Amino acid sequence: SEGASGEESEGSGEQESEGEEDEEAAVAVGRPSHRADGKVFYRQMKKGEETYEVGQDCYLENGADVPYVARLQEIFVYSFASSEVYFNARWYYREGDVHEYAKMAGASGKVKYEGGTLTA
């Protein structure tokens, strides 16, 4: 977990079956920013017509009514598999998730919080 705004985790920007070329697959864009631990890091990636960059907040489709929201922390490829683009992201908690996690932790009612609701 990293900070109150969400969790950091790794995801793949590509979902491709072996032997098939996916026109919507993510590709790293530009020159590498640096290399470390067998990874080559980039500032941007492109998926379909959309370009995403490190530090950008984005919606990630999940097949549900409410998409996940995350801030891209890193975009990289592994040096041994440069055609597969990955990212690390800070995931934001959605209001429904907070109540669900509170119930799992033993809360009996809705979570009370201070402040206003953020809207996109």
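38 is the number of the first residue of the sequence shown in my numbering; add one for each residue after it. Glycine is no exception: its CB is placed at the ideal position from the N, C-alpha and C atoms. Note that the structure is predicted; figures quoted are calculated from it, not measured.
| field | Buried or exposed (CB count within 10 angstroms, at least 16 for buried), Gly146 | value | By the neighbour-count criterion, in which 16 or more other beta carbons inside 10 Å mark a residue as buried, Gly146 falls on the exposed side.
| Roughly how many angstroms lie between the CA atoms of His136 and Tyr129, to the nearest whole one? | Distance between the alpha carbons of His136 and Tyr129: 14 Å.
| At least 3 beta-carbon pairs within less than 8 Å: the segment 68-77 vs the segment 102-118 | Yes, the segment 68-77 touches the segment 102-118.
| task | Kindly indicate the opening and closing residues of the alpha helix (DSSP H) around Lys139. | result | Sequence inspection shows Ala at residue 139; the Lys mentioned does not correspond to that position. Note, Ala139: alpha helix (DSSP H), Glu132 to Met141.
| message | Arg127 and Arg108 - do their beta-carbons sit closer together than 8 Å? | response | It is a contact, given that the beta carbons lie within the stated cut-off.
| Pair within 8 Å by beta-carbon distance, Val103 and Gly133 | Result yes, Cβ atoms of Val103 and Gly133 sit closer than 8 Å.
| task | Rank Ala101, Lys140 and Gln81 by C-alpha distance to the C-alpha of Asp94 and give the top, closest one. | result | Between Asp94 and the set Ala101, Lys140 and Gln81, the nearest pair of CA atoms involves Gln81.
| query | Using DSSP with H/G/I as helix, E/B as strand and the rest coil, what is Arg127? | reply | In the structure shown, Arg127 falls within a strand segment according to DSSP collapsed to helix, strand and coil.
| Residue range of the beta strand (DSSP E) that includes Asp74 | No beta strand (DSSP E) contains Asp74, which DSSP labels as neither H nor E.
| said: Buried or exposed for Ala65, going by 16 or more other Cβ atoms inside 10 Å? | reply: With 16 or more Cβ atoms within 10 Å of its Cβ, Ala65 is classed as buried.
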